[in-house]
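Protein sequences, first through last, are from chains H and Z.
Residue 0 is where the first sequence starts when you use numbering that gives the first Met the number 0, and the numbers rise one by one after that.
Residue 0 is where the second sequence starts when you use numbering that gives the first Met the number 0, and the numbers rise one by one after that.
Every residue, glycine too, gets a C-beta built ideally from N, C-alpha and C.
Number of protein chains: 2
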Amino acid sequence: MNERGKTPYHHGDLREALLVAAEAELKEKGVEGFTLRGCAKRAGVSHAAPAHHFRDAGALLTALAAVAFARFMAAMEARRSAAAGRRERLVALGLGYIDFATSEPALFRLMFASDRPDFDDPELHRVASASFAMLVEAVAAVSGGDPMQDKAAVLDVAAAWSIVHGIADLALSGQLKFLDEAGFAADRETAYRDLIRRILPKEP
Amino acid sequence: MNERGKTPYHHGDLREALLVAAEAELKEKGVEGFTLRGCAKRAGVSHAAPAHHFRDAGALLTALAAVAFARFMAAMEARRSAAAGRRERLVALGLGYIDFATSEPALFRLMFASDRPDFDDPELHRVASASFAMLVEAVAAVSGGDPMQDKAAVLDVAAAWSIVHGIADLALSGQLKFLDEAGFAADRETAYRDLIRRILPKEP
DNA sequence: GCTTTTATCTAGACAGTGTCAGGATCAAGA
DNA sequence: TCTTGATCCTGACACTGTCTAGATAAAAGC
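Okay, structure coming up:
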């Protein structure tokens, strides 16, 4: 350590600092403008330092995608826990999905529309599967059947995921602006709610 | 021209050749691995030659996205014209949407999940709007109201686009494989059809 | 016909990128 | 104290996109 606040030779927790830097880099430059050297500069470290913590740029993005999935699940959980009733909890889960996509577009693109992360990575695969399981569980609570056996329940899962993912991806790329011009500017959420409810299995 | 088949100094139609090369480059390397120099090499031309036809790499991808939208519309039209009945024609349009996404994943990503094309470009904006209009028209034929005025009809458009886009994007990134394991391997199309039908406005 | 203009393409250079090799620094254990 | 291993830096390499200057050929002017 250097006693007078100067930058010490060893960072302390460079791995964590690089993840923070990578997120900032991603938000500012986008997935396609992302730069490993830029991350190193943000973390105040030489351009080759990241290699000691991440094999290459893809590995850093893989780790970042993993923490993004964790926050993604938190966003869904936040909405779900505030809702009452099985149907409303599923709708809330979808709204959380959309919340995350629109508030963290860069991370969402990294997770669902990029080839740079290694999706065979065990940790990333784990959190991605966990978020999928959240959805399956919420759908099962509504439709009744076991979504991994009952053919109709499988379609319920696909329908729920597709409508929510479609809304999220289109909203993220600014392609649902026509909703505002039609009077949904004040609260798009009402519109989203209506859309999600359309695919729910019929009330018994 | 050089009479004995050697490469002439002037290409003849380099602009078109670059678009072909760019498509091959995109399919092979993906949006994030796309290289302008690689396109030049594929077209058998020096690395700086493309500058005379496209301002920069983004302009080439913008032009490519425009031709991709044209083919996108053709894929939807092919399905629609083979279907009978207003509802079935809308479903068919959606299947064409999904057809294109799964058969041309790189182009689809370029069109809907990339920041590299300039979507303010007049030509690109034109074809993108045209494909949107196709969808609006097909929905209007089913729901009755004017989708740009009637609030309910606007939601019908958003619902149709979202479910179809969601299916397309998830299928493209291999995230609907669970459908196969549930018995839809033989014909996913049946599953897609069922999903799209769920969001259609109720039959009168 | 011949010259001049214009469009097209090549060659070379520059800064910036990811990654590799070799050396410097420092904490911790022998 | 000395050695070991982890951490970080400097320098280099082959690439990238883009800029410049010059070469080539087709078209236009006379």
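Item, Value
"Closest by CA to residue 87 of chain Z, which one among Z/123, Z/38 and Z/141?", "Z/141"
"Which chain H residues sit within Cβ distance under 7 Å of residue 164 of chain Z?", "165, 168 and 169"
"Does the beta carbon of residue 143 of chain Z sit closer than 8 Å to a beta carbon anywhere in chain H?", "no"
"Can you tell me whether residue 125 of chain H is buried or exposed, with buried defined as 16 or more other CB within 10 angstroms of its CB?", "exposed"
"Looking only at its own chain, which residues have a Cβ that is under 7 Å from the Cβ of residue 22 of chain Z, when we skip the five neighbours before and after it?", "63"
"Are there 16 or more other CB atoms within 10 angstroms of the CB of residue 46 of chain Z, so buried, or fewer, so exposed?", "exposed"
"List the residues of chain H that residue 153 of chain Z touches, going by C-beta distances under 9 Å, in chain order.", "177, 178, 180, 181, 182, 183 and 190"
"So residue 193 of chain Z contacts chain H; which residues on that side make the cut at Cβ distance below 7 Å?", "154"
"Is it right to say residue 210 of chain H is buried, meaning 16 or more other beta carbons lie within 10 angstroms of its own, or is it exposed?", "The structure shown does not extend to residue 210 of chain H, since chain H spans only 0 to 203, so no value can be given for it."
"Identify which residue in H/38, H/199 and H/148 has its Cα closest to the Cα of residue 13 of chain H.", "H/38"
"Let me confirm a value: residue 172 of chain Z is counted as buried when at least 16 other C-beta atoms fall within 10 Å, else exposed. Which label applies?", "buried"
"Any contact of the region 160–168 of chain H with the region 150–166 of chain Z, i.e. 3+ C-beta pairs under 8 Å?", "yes"
"Say whether the region 173–190 of chain Z touches the region 114–131 of chain Z, bearing in mind that this needs 3 or more beta-carbon pairs closer than 8 Å, one atom from each stretch.", "no"
"May I ask you to report which of helix, strand or coil DSSP gives residue 123 of chain Z?", "helix"
"Is it buried or exposed, residue 182 of chain Z, if we count other Cβ atoms within 10 angstroms and call 16 or more buried?", "exposed"
"Using only CA atoms, which one of Z/158, Z/20 and Z/30 lies nearest to residue 114 of chain H?", "Z/30"
"By DSSP, does residue 147 of chain Z sit in helix, in strand, or in coil?", "coil"
"State the DSSP-derived secondary structure class of residue 44 of chain H, mapped to helix, strand or coil.", "coil"
"For residue 198 of chain Z, count the other beta carbons within 10 Å of its own beta carbon; 16 or more makes it buried, fewer makes it exposed. Which is it?", "buried"
"Could you tell me whether the Cβ atoms of residue 168 of chain H and residue 155 of chain Z are closer together than 8 Å?", "no"
"For a cutoff of 8 Å on Cβ pairs, would you count residue 113 of chain Z as touching chain H?", "yes"
"Quick check: what's the CA-CA separation for residue 148 of chain H versus residue 133 of chain Z?", "37 Å"
"Using a threshold of 8 Å, state whether the C-beta atoms of residue 49 of chain H and residue 59 of chain H are closer than that.", "yes"
"By DSSP, does residue 37 of chain H sit in helix, in strand, or in coil?", "helix"
"Under three-state DSSP, which class holds residue 27 of chain H?", "helix"
"Whether or not the region 89–108 of chain H and the region 89–104 of chain Z are in contact is what I'm after, with contact meaning three or more pairs of Cβ atoms, one per stretch, closer than 8 Å; do they touch?", "no"
"What does the Cβ neighbour count give for residue 32 of chain H, buried or exposed, with the cut at 16 atoms within 10 Å?", "exposed"
"Starting from residue 175 of chain Z, trace the alpha helix (DSSP H) in both directions and tell me its first and last residue.", "No alpha helix (DSSP H) contains residue 175 of chain Z, which DSSP labels as neither H nor E."
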